[in-house]
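Residue numbering for the sequence shown follows the working numbering, beginning at 8 and increasing consecutively. For each residue, glycine too, the CB sits at the ideal point set by N, CA and C. In this text the structure is predicted, and so the values were computed from the model without any measurement.
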Amino acid sequence: MEIPERLIDILEKANYVAVLTGAGVSAESGIKTFRDPDGLWAKFNPMELASIDGFMSNPQRVWEWYQYRREVVNKAQPNAGHYALVEFEKLFPQFTLITQNVDRLHQRAGSTNVIELHGNIIDNHCFNCKEPYYGETDLPEGQIPRCPKCGGLIRPSVVWFGEMLPPDAIQQAEEAAMDCDVFFSIGTSAEVYPAASLPYIAKRSGAVLVEVNPNPTSLSSFADFKISTTSAVGLPKIVEMLKKRKGLL
Ligand code: OAD
Ligand code: ZN
Numbered sequence: 008m009e010i011p012e013r014l015i016d017i018l019e020k021a022n023y024v025a026v027l028t029g030a031g032v033s034a035e036s037g038i039k040t041f042r043d044p045d046g047l048w049a050k051f052n053p054m055e056l057a058s059i060d061g062f063m064s065n066p067q068r069v070w071e072w073y074q075y076r077r078e079v080v081n082k083a084q085p086n087a088g089h090y091a092l093v094e095f096e097k098l099f100p101q102f103t104l105i106t107q108n109v110d111r112l113h114q115r116a117g118s119t120n121v122i123e124l125h126g127n128i129i130d131n132h133c134f135n136c137k138e139p140y141y142g143e144t145d146l147p148e149g150q151i152p153r154c155p156k157c158g159g160l161i162r163p164s165v166v167w168f169g170e171m172l173p174p175d176a177i178q179q180a181e182e183a184a185m186d187c188d189v190f191f192s193i194g195t196s197a198e199v200y201p202a203a204s205l206p207y208i209a210k211r212s213g214a215v216l217v218e219v220n221p222n223p224t225s226l227s228s229f230a231d232f233k234i235s236t237t238s239a240v241g242l243p244k245i246v247e248m249l250k251k252r253k254g255l256l
């Protein structure tokens with residue numbers, strides 16, 4: 008897949024670049040996406056495992072599933088796509104990275120100021136009083152940690168279906184979409200709102216819209232540039248071409 012020179016022209020002049028990432032950027036780190044044919048939602052029911060109702064009706068099942076996903080995430084390493092996005096930060100005068108991912112791989116790669124729309128899978132808090140929980144999580148089978156303050160059940164600090172996104176995060180993301188010159192939608196099916204509205208907000212506000220995804224999405228026909236390759240292949244290429252153009256390589 009060739010990266011169009013015309014995109015590099017635009018990036019060379021861009022003052023403000025914003026990026027939205029989804030599960031696809033972590034696929035090459037060995038973390039399964041949700042909606043691909045071998046994705047998590049092909050095997051598991053999101054309403055049972057990633058919703059408030061699912062947690063209330065069977066907290067044990069939900070807790071164990073997240074403990075399993077944490078193990079996968081802890082063993083995974085950032086890939087070339089994550090590292091290329093660390094370079095993006097240095098290549099544009101203004102840059103915002105917005106992610107739907109909960110795996111913290113952007114931060115582990117070295118990205119700073121990441122806007123986490125769906126929380127993260129590392130931290131926990133009390134389902135009842137919302138107090139952060141730093142205690143033991145590795146309990147014998149069949150047990151869920153309890154809040155030392157109120158005795159409530161402890162849950163992962165991710166955003167579930169039916170929950171509001173952190174208000175600051177979505178507001179900052181919408182502002183970035185409105186203000187940027189170029190908006191990248193990378194490795195996301197762009198199916199889950201409100202995150203999926205960000206590329207449309209950007210485009211409506213006059214940004215050039217770029218999609219990096221090996222597969223077509225509902226956004227593809229709307230994008231100004233469709234880079235049909237994986238993020239670990241496409242993003243380092245973009246960085247290399249742009250660095251050459253700027254005389255940095
Ligand atoms: P999806 O699983 O819906 O979409 C993943 C996208 O990544 C698909 O469009 C794939 O084509 C693409 N993809 C696969 N491999 C790729 C690669 N190596 N490089 C680039 N792209 C690749 O994941 P998200 O869009 O992130 O929310 O899903 C959004 C939200 O739905 C998630 O945050 C999660 C999920 O339910 C909650 O759990 C609340
Ligand atoms: Zn509590």
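Residues proximal to ligand 2 by C-beta, any heavy atom closer than 6 Å: Listed by chain position, these are C133, N135, C136, E138, C154, K156, C157, G159.
Start-end ranges of the beta strand (DSSP E) lying completely within the stretch 86-174, minimum 3 residues: Counting whole runs of 3 or more residues, the stretch 86-174 contains the beta strand (DSSP E) stretches 101-106, 121-123, 126-133, 161-165.
From N222, S238, E218, residue whose alpha carbon lies closest to that of A230: Relative to the Cα of A230, the nearest Cα in the group N222, S238, E218 belongs to E218.
Beta bridge counterpart(s) of K233 as assigned by DSSP: Residue pairing of K233 in beta bridges, as defined by DSSP: E218.
Assigned secondary structure, F41 (DSSP; H/G/I helix, E/B strand, else coil): Here F41 sits in coil by DSSP.
Cβ shell of A39 (< 6 Å), same chain only, five flanking positions each side left out: Ala is not the amino acid found at residue 39; the sequence shown has Lys there. Answer for K39: G46, L47, listed in chain order.
Distance, S225 Cα to L256 Cα: Roughly 36 Å between the two C-alpha positions.
According to DSSP, residues forming a beta bridge with A180: None, per the DSSP bridge assignment.
heavy atom of ligand 4 below 7 Å from H125 C-beta: Although ligand 4 was asked about, the structure shown includes only ligand 1 and ligand 2 as ligands.
Whole-angstrom distance between P163 and L56, CA atom to CA atom: Straight across, the Cα-Cα distance linking L56 with P163 is about 12 Å.
Residue closest to I208, alpha-carbon to alpha-carbon, out of A183, A83, S36: Ranking the options by Cα distance to I208, first place goes to A183.
Chain-order list of residues whose beta-carbon lies under 7 Å from that of I129 (same chain, five-residue window excluded): Within its own chain, the residues whose Cβ lies closer than 7 Å to the Cβ of I129, once the five positions on either side in sequence are excluded, are R111, listed in chain order.
Opposing strand residues paired with F191 [DSSP bridges]: F191 pairs with V26, V217.
Member of T106, V26, T236 whose CA lies at the smallest distance from the CA of F99: Measuring from the Cα of F99, the nearest candidate turns out to be V26.
DSSP state of S238 mapped onto helix, strand, coil: Helix, per DSSP.
Same chain only: Cβ atoms within 7 Å of V69, ignoring 5 sequence neighbours per side: For V69, where only same-chain residues beyond five positions count, the Cβ hits under 7 Å are L56, G61, F62.
Straight-line Cα distance separating C157 from R77: Rounded to the nearest angstrom, the gap between the Cα atoms of R77 and C157 is 25 Å.
Alpha-carbon spacing of H132 relative to S58, whole angstroms: A direct Cα-Cα distance of roughly 15 Å separates H132 from S58.
Selected residue, minimal CA-CA separation from W167, among M8, K210, Q101, P201: Comparing Cα positions, the closest option is P201.
Residue interval of the alpha helix (DSSP H) (run including Y207): Here the alpha helix (DSSP H) through Y207 covers 205-211.
Beta carbon of A239 nearer than 8 Å to that of N86: Taking 8 Å as the Cβ cut-off, A239 and N86 qualify as a contacting pair.
Cα-Cα separation, I151 to I161: In this structure, the CA atom of I151 is about 7 Å from the CA atom of I161.
L14 and F190 closer than 8 Å at C-beta: In this structure, F190 does not lie closer than 8 Å to L14 by Cβ.
Spatial distance of F95 from A203 (CA atoms): Per the coordinates, the alpha-carbon of F95 lies some 22 Å from the alpha-carbon of A203.
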